[in-house]
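Residue numbers (the numbering used here), protein chains in the order written: chain A, 9 to 146; chain B, 9 to 146; chain C, 9 to 146; chain D, 9 to 146. Take a look at the structure below.
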């Protein structure tokens with residue numbers, strides 16, 4: 009039973025910096041793109057237009073092992089390390105072929121938009137946690 | 009009577025690309041930052057939280073003369089070339105000291121958000137056009 | 009004989025802004041991504057590591073017709089409007105299905121890196137212009 | 009004797025996402041901007057044109073407490089938690105007035121560019137560690 013999701017990506021020119029490599033802040037975007045592709049893979053979207061739910065990030069961290077260059081093809085492997093009542097913790101591995109690029113984590117919390125526009129933490133709907141359950145690492 | 013606005017900026021590391029210069033798409037962001045600073049200078053904001061109005065871009069164009077490098081200090085000069093019933097056309101000049109960097113134009117239209125979330129063109133409120141009038145080139 | 013190239017793309021979360029649509033500066037990045045994919049399709053890269061050539065942009069322009077939203081799938085159609093001794097002018101059409109999103113142009117010039125790091129305009133190598141010739145609109 | 013550096017910044021439109029707040033990847037850019045401003049404050053630059061040294065990031069992490077919105081003014085407080093032979097560990101606090109926004113860390117390593125373009129770890133030059141010493145937390 010698959011408990012991870014794989015997202016393939018190529019480095020774009022505007023994602024590099026003067027050091028000739030992908031800027032580290034963009035590596036965080038790669039993780040998020042993989043997260044959202046994982047959601048799509050089970051028929052979900054993390055940001056429904058006009059939807060009630062949002063997923064503010066609680067924390068994010070990465071360790072960088074090797075750089076990515078322009079036009080490099082790489083993959084992001086996503087797993088869910090913890091799927092709790094209100095929060096999700098993702099784990100990510102970035103690889104270019106057999107070369108380790110980076111590892112990372114992102115935690116987020118389920119929130120609903122209040123009438124005044126502010127977000128309030130709430131429980132993850134069953135429909136969502138049910139569909140994401142297959143990615144939870146055991 | 010001043011008919012232009014000046015915005016000072018420094019190039020940040022993440023704005024450069026592997027060619028060692030600011031990516032051309034970021035030059036468009038510099039123009040927009042100057043536009044918004046111009047609005048603030050007369051007590052306006054282009055995106056009020058919970059506000060009704062939006063300003064979708066109709067077109068944008070730039071000509072590039074010289075590159076910008078990391079930590080370069082430059083200025084963006086903004087003028088309003090045309091302030092019409094529903095649209096604004098801005099003109100921009102980017103300079104690093106006496107060195108010409110780029111020139112550009114952005115046109116945008118005043119829009120209100122409908123109940124279904126789509127934007128619909130409308131007339132620019134008098135309060136806004138009145139405050140921006142001093143920047144119109146004659 | 010094909011004289012255009014098609015590049016498929018999906019909108020990512022970080023490419024949207026508070027108006028809920030793709031920021032206009034990112035639309036310029038979409039055009040450039042399509043340009044680079046076109047080069048790859050004929051065995052070229054626009055930025056060889058350690059290579060001599062660079063392709064500074066001379067100008068860029070877009071007209072925006074309809075917005076793009078998160079997770080929208082769209083395509084960028086690229087043609088070469090003019091392939092001259094030193095310069096290339098691209099034309100772009102962005103579409104989401106049958107919905108027109110934007111049109112644009114980018115002009116760039118072939119340059120070689122001098123010993124002092126500055127770029128100097130030069131003639132486009134035959135190997136490159138030969139491979140790009142099939143995309144020139146007649 | 010001051011052992012921290014303060015960097016003032018305003019949120020720009022293109023830094024927000026469809027949730028109406030600054031995208032979390034941009035928060036990492038804010039930390040880096042503050043780092044580079046700290047270097048400038050003691051007469052250093054982290055990326056000298058044609059220079060030998062680079063500062064690849066080893067890891068980066070943030071915890072997010074409150075969101076930033078368009079045009080928010082905030083400050084980034086930077087300290088150096090550890091200044092070692094080859095590495096620097098920074099600590100960051102982001103605040104909007106008295107409101108905590110985020111905290112973070114970035115570690116980087118001093119590297120020299122080899123003839124083949126790859127980076128190799130090396131000792132931090134005395135001139136640099138001397139100038140940064142005043143920011144080291146004791």
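Cβ atoms here follow ideal geometry from the backbone N, Cα and C, with glycine treated the same way.
In this structure, how does DSSP classify residue i when only helix, strand and coil are distinguished?
{"i": "residue 37 (chain C)", "result": "helix"}
{"i": "residue 23 (chain A)", "result": "helix"}
{"i": "residue 55 (chain C)", "result": "coil"}
{"i": "residue 17 (chain D)", "result": "strand"}
{"i": "residue 136 (chain D)", "result": "helix"}
{"i": "residue 141 (chain A)", "result": "helix"}
{"i": "residue 11 (chain C)", "result": "coil"}
{"i": "residue 42 (chain B)", "result": "helix"}
{"i": "residue 65 (chain B)", "result": "strand"}
Do residue i and residue j have their C-beta atoms closer together than 8 Å?
{"i": "residue 14 (chain B)", "j": "residue 83 (chain B)", "result": "yes"}
{"i": "residue 32 (chain D)", "j": "residue 36 (chain A)", "result": "yes"}
{"i": "residue 42 (chain A)", "j": "residue 100 (chain A)", "result": "yes"}
{"i": "residue 104 (chain A)", "j": "residue 81 (chain A)", "result": "yes"}
{"i": "residue 29 (chain A)", "j": "residue 76 (chain A)", "result": "yes"}
{"i": "residue 65 (chain B)", "j": "residue 145 (chain B)", "result": "no"}
{"i": "residue 109 (chain B)", "j": "residue 95 (chain B)", "result": "no"}
{"i": "residue 45 (chain D)", "j": "residue 62 (chain A)", "result": "no"}
{"i": "residue 38 (chain D)", "j": "residue 17 (chain D)", "result": "yes"}
{"i": "residue 21 (chain A)", "j": "residue 40 (chain C)", "result": "yes"}
{"i": "residue 85 (chain A)", "j": "residue 139 (chain A)", "result": "no"}
{"i": "residue 128 (chain A)", "j": "residue 60 (chain A)", "result": "no"}
{"i": "residue 25 (chain C)", "j": "residue 25 (chain D)", "result": "yes"}
{"i": "residue 132 (chain B)", "j": "residue 93 (chain B)", "result": "yes"}
{"i": "residue 130 (chain A)", "j": "residue 119 (chain A)", "result": "yes"}
{"i": "residue 125 (chain D)", "j": "residue 125 (chain C)", "result": "no"}
{"i": "residue 69 (chain C)", "j": "residue 69 (chain B)", "result": "yes"}
{"i": "residue 74 (chain D)", "j": "residue 34 (chain D)", "result": "no"}
Can you list the residues of chain C that residue i reaches, using a CB-CB cut of under 8 Å?
{"i": "residue 76 (chain D)", "result": "Here the premise fails: no neighbours, minimum Cβ distance about 11 Å."}
Check the Cβ of residue i against every Cβ in chain A and list those closer than 8 Å, keeping chain order.
{"i": "residue 25 (chain B)", "result": "21, 22, 24, 25 and 26"}
Whose Cβ in chain B lies nearer than 8 Å to the Cβ of residue i?
{"i": "residue 67 (chain C)", "result": "69, 70, 71 and 72"}
{"i": "residue 83 (chain D)", "result": "What residue 83 (chain D) touches in chain B: nothing, since even the nearest Cβ is about 16 Å away."}
Which residues in chain A have a C-beta closer than 9 Å to the C-beta of residue i? List them in chain order.
{"i": "residue 142 (chain B)", "result": "Under the 9 Å cutoff, chain A gives no residues; its nearest Cβ is about 33 Å from residue 142 (chain B)."}
Can you pull the chain D neighbours of residue i, defined as C-beta to C-beta under 9 Å?
{"i": "residue 33 (chain C)", "result": "22"}
List, in order along the chain, the chain B residues whose C-beta lies closer than 7 Å to that of residue i?
{"i": "residue 37 (chain C)", "result": "33"}
Would a check of beta-carbon distances place residue i closer than 8 Å to chain G?
{"i": "residue 79 (chain B)", "result": "Here the protein chains are A, B, C and D, and chain G is not one of them."}
*What residues in the stretch 39 to 64 of chain D bring their beta carbon closer than 8 Å to a beta carbon of chain C?*
Answer set for the stretch 39 to 64 of chain D: 57 and 58.
*Residues in the stretch 107 to 139 of chain A having any Cβ partner in chain B nearer than 9 Å*: Those would be 124 and 125, in chain order.
*Sequence ranges, beta strand (DSSP E) only - wholly within the stretch 68 to 110 of chain D, length at least 3*: Secondary structure in the stretch 68 to 110 of chain D: the beta strand (DSSP E) runs of 3 residues or longer, each lying completely within the stretch, are 81 to 91 and 95 to 104 in chain order.
*Return the residues of the stretch 92 to 103 of chain A that lie within a Cβ-Cβ distance of less than 8 Å from chain C, sorted by chain order.*
Contacts with chain C (Cβ-Cβ distance below 8 Å) from the stretch 92 to 103 of chain A involve no residue at all.
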